[in-house]
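These notes are about the structure you will find just below.
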Amino acid sequence: MTTTRGSSRGFSRRSVLLGAGAVMATAGCNLVGGGDDDPTDAGSASGGEGGGLSGEITVALVPDPPGASEFYRAQFDLFQEANPGVTVNIIENPSDQQLNALELMFQQGEGPDVMRVQGAAALTRFYDRGWVAPLDDLVNDDFTARFPEGSLEPTSSGLHREGKLVSIPLVWGDWGYTHLWLYNTDILAENGYDAPPETWSEMVEMATTITENGGGSVFGVAPVSVPYFIEVAQPFAQKPGINLTTGEPDLANPNVVASVEVWRQLQADGVNMPGWESWDGGRPFTEFAAGRLAMYPSATWHVAEIRKLAPDIGLGIASMPLPDSGRVAYAARSAAHQPIWSMSAESANPELALAAMDFLGSVDFYKAYYEEFGSFTASQVAWEDQAQENEDQAGILAVAATDIRTAPNPELLAQGAEAFWADAGGNADLDVKNAYLESIVSNVDYEPLAAAIDTQVEALIVQYEAENADLRSQLTFADWDPLEDYTA
Amino acid sequence: MTTAAITAPSKPGAPSKTRARRQAVLWGWLFLVPLVVLFTAFSLWPIVASWAYAFFDWDGVGPPEVFVGLDNFREALNSSSFWNAFWNSFLFSLGALFIELPAALCLAMLLNNVLLRGRNIYRLAIFLPVVSTTAVIGLVIAVLLAPVGGVVNEVLLGIGLVDRPVNFLGDPNVALPTLVVVDIWKGFGITLIYWLAALQTVPKDLYEAAKLDGAGARQQLANITIPVIMPIAVVVLLLTFQRSLNTFDLVQAVTGGGPIFSTDVLPTYIYRYAFDASIAAPRYGFACAVGVIFGVFTLIITLLQGPLLAGRLKRTAA
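Protein chains in written order, with my numbering: chain Z, 1388 to 1875; chain A, 30 to 347.
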């Protein structure tokens, strides 16, 4: 754990605006745990000259990605400059230790005022324990306007618990749902192709040709991130693998079987790049950047990594190839945002903590983060124009605009299936990715492997139904068309 | 007078000796305190705590509250993936016991020969992998063994030993033997040092006497070297067995237990359930139960070796 204390820097126009915003945000609000009339009632906070903030807060965060330590310190320095008398102390924990560290801090009565909760599961846990403060006092027209329209609905935002706003996002909501088909334009051109594959048949034909022509040093594809490839054939073929139109486990769905079969056949024919079976997360973009891999299904963040390794590479970004019979589904958006920042309900200085939360959710902060790291942040207005001017980022946005649909999320809808959903989703034994891998690597039928997991999921449903007889109906959204956005 | 002269000095001397002895004991305990505290905090307490946590459904966050009795143990023992990892761990040990131990003994005898020039350099070269960082070794091994552009495959293809690259780490049938070989290579140096230490306990005059009696090299090995080093061999065997059974860093660094769990060993299995960030809900309770089972099995296997080796020792002594 690393701790840094506040430092001071010169004023800027931006910091003055930030300060004014923070003061305005707190002055007009019924602040959590604080009095309306006498700010000195709120712990160590005290009204400064002209009603400004003062005091000290602690922010527990994760220095991720590389360079984040310096970035956050600089940002909170700006916050301090805008609010003279305010000190922001930063505690840094490694990503994989953050939640345990927060837990220990709260147990010892030394919880931070503001913290990174790292996602939905931990937010739910912390909320259930009463450690997370509601942030509804932040919500006004100005705040809502920072985020995409309609994305702060309690049943779909991902930031609400029991109808209360309890978290603020960092990255763009669709960043994690956007899945790309990356291709090397130069390799494709050398093999006589001027466009990426649009269907599975085209993909197989192109990959086979490239591997055959590659002479053992260039390969057509590698079956990394197979679930991204499958999601165009079946939107619920991931943990816990329940078809939300029927409420039944559906990992052995014929569409999924067919999509796994595509990769299994490529593997059996020696088309896939050998060695992918033991790659770590960074290896696909390394091989791609080295010009040894022509195409692969990818997450958004790979694009920037490829550019770092090979700035001049011919990088093409496209949608996933579709089944020859046409699209069956889209990438399933299960929440509008990913919860990252939360405020402690035990903060001794809630006014100041709330102001810090407002700062972390400000357009200026989101813009600075985007400019520093190139990640799309939660406030689209902070970066959208700039992103359109960048060919790679525009490509990502184009795919996101066409390839994602909102799906029902039994956990957020809070109709009673939350416990089952969390249990099934967190059970490693029900992870269908292992079945994909086994089928492709060992050249065995996928269907019986998936059917075995379906049986386990069904058993879990039956187990939960003993205490929740309505579980099946809570998992069934018969009116939802997977080709359309779900609306509650 | 004489008596008084004899006894008088002894009276003040007795309490002084006792006090000195007490002080020595006190100092002894005082010096032991740091060890006891550290051992209790970092060895004893984790062992006891893991036994306790094994009976809870606990995600590692907050106090364990959901008591599940023996459910975690039952789940592990009924899990095919647990037994897969257990068997793989055992294979690492078999490799160490039946390949590494005898091979290291043979090489140690060679390097123990004073007539061999540059033997210290050979010893150093063989010991280097032991002190090298496993993560670095893993990285280098992955590069060397890569099917595309890997040096090993280039050589194999170049000399015509294979007609297509061997997928050393990606083929489920080849990955585990590959890692066993790498593990043997990495641990070979330490076993070699054990054997060298053992060999240097053999009195040279025994060999000289045997030579005078006309004993050849094979007879000297069978009747002098092996019997004399046998007590140390028991320790070497147990140490090597324990080390190889707990292989974790190499597997985690090179394959992470993959592909499709073909190289999964119990330490990586435990790690996955307890710490893998890709699993939404860590299962510390279950991981502790697996750790307890693993510990008990290790203890049993180790204890089984004890009487066998003791019997061997007795026969050797007779």
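Ideal placement from N, C-alpha and C gives every residue a C-beta, glycine not left out.
- In this structure the region 75-83 of chain A touches the region 312-331 of chain A; the number of beta carbon pairs closer than 8 Å is three or more.
- For isoleucine 1700 of chain Z, no alpha helix (DSSP H) segment is defined, and its DSSP state is neither H nor E.
- Only those residues of the region 1455-1489 of chain Z whose C-beta falls short of 8 Å from the nearest C-beta of chain A are listed: Ser1482, Asp1483, Leu1486, Asn1487.
- Nearest Cα to leucine 1836 of chain Z within the set Z/Leu1702, Z/Val1643, Z/Gly1545: Z/Val1643.
- Legend: CB atoms of the region 1807-1825 of chain Z lying less than 9 Å from CB atoms of chain A belong to residues Ala1809, Asp1810, Gly1812, Gly1813, Asn1814, Ala1815, Asp1816, Asp1818, Asn1821, Leu1824, Glu1825.
- When the beta-carbon positions are compared, glutamate 1664 of chain Z and valine 1828 of chain Z come within less than 8 Å of each other.
- Residues of chain Z whose Cβ lies closer than 8 Å to the Cβ of proline 158 of chain A do not exist; the shortest such Cβ separation is about 21 Å.
- At least 8 Å separates the CB of glycine 98 of chain A from every CB of chain Z.
- Close CB contacts of glycine 1607 of chain Z within its chain, under the 6 Å cut and outside five residues either way in sequence, are with Ala1594, Ile1597, Thr1598, Val1658, Ala1681 (chain order).
- The criterion of a C-beta distance shorter than 8 Å is satisfied by proline 1708 of chain Z and proline 1584 of chain Z.
- By the C-beta density criterion, leucine 190 of chain A is exposed, having fewer than 16 other C-beta atoms within 10 angstroms.
- Within the DSSP bridge table, the entry for phenylalanine 85 of chain A names A/Phe96 as partners.
- When secondary structure is reduced to three states using DSSP, tyrosine 298 of chain A falls in the helix class.
- Residues are counted here when their Cβ sits less than 9 Å from a Cβ of chain Z; for the region 100-117 of chain A these are Ser108, Ser110, given in chain order.
- Non-local C-beta neighbours of proline 194 of chain A in its own chain, meaning closer than 6 Å and more than five positions away in sequence, comprise Pro176, Asn182, ordered along the chain.
- Runs of beta strand (DSSP E) with 3 or more residues, each lying fully within the region 1743-1811 of chain Z, are found at 1791-1793, listed in chain order.
- By the Cβ criterion, the region 1473-1487 of chain Z is not in contact with the region 1683-1695 of chain Z, since fewer than three pairs of Cβ atoms, one from each stretch, lie closer than 8 Å.
- The beta-carbon distance between tyrosine 1753 of chain Z and alanine 1765 of chain Z, rounded to whole angstroms, is 6 Å. This is short enough to meet the 8 Å contact definition.
- The way I'd put it, the region 1483-1496 of chain Z doesn't touch the region 1696-1712 of chain Z; fewer than three beta-carbon pairs between them come closer than 8 Å.
- Asp200, Pro201, Ala204: these are the residues of the region 200-215 of chain A whose beta carbon lies less than 8 Å from some beta carbon of chain Z, given in chain order.
- Residues of the region 1642-1665 of chain Z that bring their beta carbon within less than 9 Å of a beta carbon in chain A comprise Gly1657, Met1660, Pro1661, Gly1662, Trp1663, Glu1664, Ser1665, in sequence order.
- An exposed status is given to alanine 1853 of chain Z, since fewer than 16 other beta-carbon atoms sit within 10 Å of its beta-carbon.
- Serine 1860 of chain Z counts as exposed, since fewer than 16 other C-beta atoms from the protein chains shown sit within 10 angstroms of its C-beta.
- For alanine 175 of chain A, at least one C-beta of chain Z is nearer than 8 Å to its own C-beta.
- Taking a contact to require three or more Cβ pairs closer than 8 Å, the region 1451-1469 of chain Z and the region 1722-1737 of chain Z do not qualify as touching.
- Straight across, the Cα-Cα distance linking alanine 204 of chain A with valine 165 of chain A is about 18 Å.
- Here glutamate 104 of chain A has no same chain residue with a Cβ atom under 6 Å from its own Cβ, once five neighbours each way along the sequence are excluded.
- When the beta-carbon positions are compared, valine 1519 of chain Z and alanine 1732 of chain Z come within less than 8 Å of each other.
- At least 8 Å separates the CB of arginine 1720 of chain Z from every CB of chain A.
- The Cβ atoms of phenylalanine 1746 of chain Z and phenylalanine 1466 of chain Z sit closer than 8 Å to each other.
- Threonine 1842 of chain Z and asparagine 1630 of chain Z have their C-alpha atoms roughly 14 Å apart.
- The alpha-carbon of valine 1819 of chain Z is positioned some 28 Å away from that of phenylalanine 119 of chain A.
- The three-state secondary structure of asparagine 1476 of chain Z, taken from DSSP, is strand.
- Going by beta carbons, proline 1684 of chain Z and histidine 1566 of chain Z fall inside the 8 Å limit.
- Contact between the region 154-165 of chain A and the region 216-235 of chain A is present: three or more C-beta pairs spanning the two stretches fall below 8 Å.
- The Cβ neighbour count for isoleucine 322 of chain A, taken over all protein chains shown within 10 Å, is at least 16; the residue is labelled buried.
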